[in-house]
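Chains as they are written, first to last, in my numbering: chain A, 3 to 392; chain B, 40 to 496.
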């Protein structure tokens, strides 16, 4: 009989120090072919369709028109998951009983997207005029015309969001407000060094929906943890343009407002299961979840166990896209909220995920309750059903 | 003063005036200010209403000096609310406690409901008062946004949220990430909202459905609670079973007792979930749906009151909806349609007792320049502001009872011995109460703002 002392299995996890909790950016890629922080592309999109009705002359004294296209340079942190479990148990002969507790899992993705706006945005002011010949009419004059190519580094902003989220997710965090986390996302460091535009865009919806985190659901879900991060991230770019700030302030005086910018939509459901367990050189076969724990049969008897390896299977799906919105409102009189169609970034990135299974092996010394020191090891029999169409 | 005087560089007041035209041309230039035009004299009631000047921006009853804006509401709890400009880019929602028992309405007391720059219950400071509505009980529903305290992303408490002010207590009823009906998760971008006397809140919000689809929806929150909340309308829905008419999003909403609600709706010919880069852009600006929601009942498909002709939907009338639709008693609805070029405006009204009928338009009478958004009172009165394209006909506030529209107030009328130089109306759906009293933004002299209350005779 061998006893398996409580052992932490999973991705990097620390209960003290500056990397408290799970970190998705140091997690396991949901899509190994892409990897975490490795997907990127650029594309342009120009919406030739009006973004707001033009020329309702008898109604509007302000009209907004434009040909607002945008270019995105998209990179992805993640999609990845991070998970941790405490595993303990014992063997009797070749029978194995494992108990899993303190499970935490998080999954997510964020797009590093630099937004360029080549195009034109124009605000016309209509002045009521009167002449003897023509009588009462409106004369339009351009109050603001901007041919702009600002490059907005949304990536840096989003990275801060994700890190902040990680702080928030850790209930016992030691991190002080504003303190830097260790383990910088690899490809983000360069982006982080870039000066941020001032003023920065206002992100109206921030982090909470970007990730999903589950705690202690392994047993209630019969051996599966299923974080399902979803998010609609709405970025208001009006603060970047003084002219539009002036319009917004004017509308504010009428109990209204103006905002416009990109929206990012993310859905990354993932299901994580124990697939295989190995105790030193002995493999646990016929692994199944039963009566609140995992049971199986060793292919060879063991007297002591010093090393625990758990292969975890995950099958993700991924959808993310972007759209452009404009919101213009005045009190209870009108509210324009046109929005472009959603562009499926996953398709543009050439990634079509139809489900599938991936496997990663997590190793730790038995009895070690802190973050595993050993890196991931290859899984046996990893089956892949993700379609990549670059 | 000449017309040229009005076209100097915009100052703030002029911006408001000009932008006021955005809201239906409810901007009045100070022409035609003559007492003789309407025959109304000091304290003499108009045809059906008596108007009283109850508050000026400099009134000492206000806890803080504030410039009155056209965003005014009145409720059956004897209170009037207005959105006041405190200066320095700060605004506040003021509440006036009215006394109607005297010979004329009097403001007995005033307080601030919520003010930008101020923190409540230990939370972050309010950054913007997005929307607000009131009901007959004096409750107020609001969408507030907050200032960010740090340099990083906002804390959850700093995200926009929906509040209810009831029994003089401001409480948060809905925040970003809250779970709604059928597992939906509310986004943090809230749109318009309305509250009725049952404290049922109608709310436009982004959400993520349990099926992980992103949507824009109209939600009903009975008794201002998520407990029995329902998703009434959602983006992606095909209207009338058509595969070329999908709801893309929502603008203004209004609701009344009995479950009657209206939703200004953008309709596109392609589903927002499947449209690609080559798909339609903004879709149609505005259709108008009328629905009914009552506890325990399955919502029937909405009635399309108005839709652009290009959509070929079965609708009561054709035309885009841009300005605020209004819901009233007896399934009443009032709305203005616009022709695609905006040149033509038509004001419609319908209720259980009255089929869809056209009240006014800019088509038959070229002298009418524009119509404001309408206002419905609990007693069935419809009122609106008519802007005339004629120097001899000053802008006039019209009231529609059982008969044709009657002018009850116009620029140039004198109140308290001073001539009205400007009127703005229809900024908010709650500008009339159950008793038929109406509140009006008026300017006197060189633009001194005031609130008028009209008492029906």
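Beta carbons: idealized from backbone N, C-alpha and C, even for Gly.
*Is the CB-CB distance between residue 497 of chain B and residue 423 of chain B below 7 Å?*
Nothing in the structure corresponds to residue 497 of chain B, since chain B is present only between 40 and 496.
*So with Cβ pairs under 7 Å, would you call residue 362 of chain B a contact of chain A?*
Within the second chain, the letter at position 323 stands for residue 362 of chain B. Output row for residue 362 of chain B: interface = yes.
*Quick one: Cα of residue 368 of chain A to Cα of residue 362 of chain A, how far?*
By 1-based counting over the first chain, the position of residue 368 of chain A is 366. By 1-based counting over the first chain, the position of residue 362 of chain A is 360. Distance between the alpha carbons of residue 368 of chain A and residue 362 of chain A: 18 Å.
_Tell me the residue span of the beta strand (DSSP E) that contains residue 562 of chain B._
Outside the displayed range of chain B (40 to 496) lies residue 562 of chain B, so it cannot be described from this structure.
*Based on the DSSP secondary-structure assignment, which residues constitute the bridge partners of residue 313 of chain A?*
Within the first chain, the letter at position 311 stands for residue 313 of chain A. Note: residue 313 of chain A sits in a beta bridge opposite A:278 and A:363.
*asked:* I'd like to confirm the pairing. Which residues does DSSP put opposite residue 363 of chain B in its beta bridges?
replied: Counted from its first residue, the second chain places residue 363 of chain B at position 324. DSSP output for residue 363 of chain B lists no bridge partner at all.
*Run the CB neighbour count on residue 437 of chain B, radius 10 Å, all protein chains shown included, and call it buried at 16 or more, exposed below.*
Within the second chain, the letter at position 398 stands for residue 437 of chain B. Counting Cβ neighbours within 10 Å, residue 437 of chain B comes out buried, since at least 16 surround it.
_Nearest-angstrom Cα separation, counted from residue 296 of chain A out to residue 305 of chain A_ = Reading the first chain from its first residue, position 303 is the one you call residue 305 of chain A. Reading the first chain from its first residue, position 294 is the one you call residue 296 of chain A. CA-to-CA, the gap between residue 305 of chain A and residue 296 of chain A works out to about 19 Å.
*From this set, B:255, B:222 and B:354, which residue's C-alpha is nearest residue 265 of chain B's C-alpha?*
In the second chain, residue 265 of chain B corresponds to position 226, counting from 1. It is B:222.
*Roughly how far, in whole angstroms, is the beta-carbon of residue 112 of chain B from the beta-carbon of residue 101 of chain B, given that I think they are within contact range, below 8 Å?*
Counted from its first residue, the second chain places residue 112 of chain B at position 73. Counted from its first residue, the second chain places residue 101 of chain B at position 62. Rounded, the Cβ-Cβ distance is 16 Å, inconsistent with contact.
_Spatial neighbours of residue 293 of chain B in its chain, beta-carbon cut-off 8 Å, leaving aside the 5 residues before and after_ = Counting from 1 along the second chain, the entry for residue 293 of chain B is found at position 254. Correct list, in chain order: 233, 241, 300, 301, 363, 364, 365, 366 and 468.
*Could you confirm whether any beta carbon from chain A is found closer than 7 Å to the beta carbon of residue 82 of chain B?*
To locate residue 82 of chain B, count along the second chain from 1; it is residue 43. Confidence at residue 82 of chain B is low in this model, with a pLDDT of 33, below 50, so its placement is unreliable and no value can be given for it.
*asked:* Does the CB of residue 416 of chain B have a neighbour CB from chain A at under 7 Å?
replied: What you label residue 416 of chain B is simply residue 377 of the second chain in a count that begins at 1. It does not; no Cβ of chain A falls within 7 Å.
*Report yes if the C-beta distance between residue 237 of chain B and residue 170 of chain B is below 7 Å; otherwise report no.*
Within the second chain, numbered from 1, the residue matching residue 237 of chain B stands at position 198. Within the second chain, numbered from 1, the residue matching residue 170 of chain B stands at position 131. Result no, Cβ atoms of residue 237 of chain B and residue 170 of chain B do not sit closer than 7 Å.
_Taking the straight line between their C-alpha atoms, what separation do you get for residue 487 of chain B and residue 400 of chain B?_
In the second chain, the residue the question calls residue 487 of chain B occupies position 448. In the second chain, the residue the question calls residue 400 of chain B occupies position 361. Each residue's alpha carbon lies about 31 Å from the other.
*Between the segment 271-283 of chain A and the segment 247-261 of chain A, do at least 3 Cβ pairs fall closer than 8 Å?*
no
*Kindly indicate which residue of B:296, B:290, B:325 and B:297 has the alpha-carbon position closest to the one of residue 306 of chain B.*
Against the second chain, residue 306 of chain B aligns to sequence position 267. Measuring from the Cα of residue 306 of chain B, the nearest candidate turns out to be B:325.
_Taking 7 Å as the threshold (beta carbon to beta carbon), is residue 337 of chain A in contact with chain B?_
Indexing the first chain from 1 puts residue 337 of chain A at position 335. Yes, residue 337 of chain A counts as interfacial toward chain B.
_I want to see whether chain A comes within less than 7 Å of residue 468 of chain B, judged by CB atoms only; does it?_
Here residue 468 of chain B corresponds to residue number 429 of the second chain, with the count starting at 1. Yes, because at least one Cβ of chain A sits closer than 7 Å to the Cβ of residue 468 of chain B.
*asked:* Between residue 243 of chain A and chain C, is any beta-carbon pair separated by less than 7 Å?
replied: Chain labels in this structure do not include chain C; the protein chains are A and B.
*Could you check where the beta strand (DSSP E) with residue 109 of chain B kicks off and where it finishes?*
To locate residue 109 of chain B, count along the second chain from 1; it is residue 70. That run of the beta strand (DSSP E) goes 106-113.
_Sub-7 Å separation of residue 416 of chain B and residue 471 of chain B beta-carbons_ = Within the second chain, residue 416 of chain B is the residue found at index 377, counting from 1. Within the second chain, residue 471 of chain B is the residue found at index 432, counting from 1. Against a cut-off of 7 Å, the Cβ pair of residue 471 of chain B and residue 416 of chain B comes out as a contact.
_Given 8 Å, three or more beta-carbon pairs between the segment 207-225 of chain B and the segment 261-279 of chain B_ = Result yes; three or more Cβ-Cβ pairs closer than 8 Å.
_Using a Cβ-Cβ distance cut-off of 7 Å, determine whether residue 248 of chain A contacts chain B._
What you label residue 248 of chain A is simply residue 246 of the first chain in a count that begins at 1. Output row for residue 248 of chain A: interface = no.
*Provide the residue(s) that pair with residue 331 of chain A in DSSP beta bridges, ordered along the chain.*
As a first step, residue 331 of chain A is located in the first chain; it is residue number 329 there, counting from the start. BP columns for residue 331 of chain A point to A:259 and A:337.
_Quick check on the DSSP output: the beta strand (DSSP E) that includes residue 438 of chain B runs from which residue to which?_
Taking the first residue of the second chain as 1, we reach residue 438 of chain B at position 399. 435-439 is the extent of the beta strand (DSSP E) around residue 438 of chain B.
*Residues near residue 1 of chain B by beta carbon distance below 7 Å, same chain, minus five either side*: Any answer about residue 1 of chain B is impossible in this case: the structure gives chain B only from 40 up to 496.
_Simplified DSSP assignment, three categories, for residue 280 of chain B_ = Within the second chain, numbered from 1, the residue matching residue 280 of chain B stands at position 241. Three-state result, residue 280 of chain B: helix.
*In whole angstroms, what separates the C-alpha of residue 280 of chain B from that of residue 225 of chain B?*
Within the second chain, numbered from 1, the residue matching residue 280 of chain B stands at position 241. Within the second chain, numbered from 1, the residue matching residue 225 of chain B stands at position 186. The straight-line gap from Cα to Cα measures roughly 27 Å.
*Assign residue 86 of chain A to one of two classes, buried (16 or more other C-beta atoms within 10 Å of its C-beta) or exposed (fewer than that).*
The residue labelled residue 86 of chain A in the question sits at position 84 within the first chain. That one is buried.
_Proximal residues, the segment 113-133 of chain B versus chain A, C-beta separation under 8 Å_ = Against chain A - using a Cβ distance shorter than 8 Å - the residues of the segment 113-133 of chain B are 122, 124, 128 and 130.
_Taking the alpha carbon of residue 294 of chain A as the reference point, which residue from A:12, A:8 and A:219 has its own alpha carbon closest?_
By 1-based counting over the first chain, the position of residue 294 of chain A is 292. Comparing Cα positions, the closest option is A:219.
*Quick one: grab the DSSP three-state call for residue 479 of chain B.*
Locating residue 479 of chain B in the second chain gives position 440, counting from the first residue. The answer is strand: DSSP assigns residue 479 of chain B an E or B state.
*For residue 282 of chain B, count neighbouring Cβ atoms within 10 angstroms of its own Cβ and tell me buried if that reaches 16, exposed if not.*
The count along the second chain starts at 1 and reaches residue 282 of chain B at position 243. Counting Cβ neighbours within 10 Å, residue 282 of chain B comes out exposed, since fewer than 16 surround it.
*Output, in chain order, the set of chain A residues within a Cβ distance shorter than 9 Å of residue 348 of chain B.*
Counting from one through the second chain, the residue named residue 348 of chain B turns up at place 309. Going along chain A, no residue has its Cβ under 9 Å from residue 348 of chain B, so there is no contact; the nearest lies around 15 Å.
*Cα-Cα separation, residue 483 of chain B to residue 434 of chain B*: Here residue 483 of chain B is taken as the residue at index 444 of the second chain, counted from 1. Here residue 434 of chain B is taken as the residue at index 395 of the second chain, counted from 1. Distance between the alpha carbons of residue 483 of chain B and residue 434 of chain B is about 14 Å.
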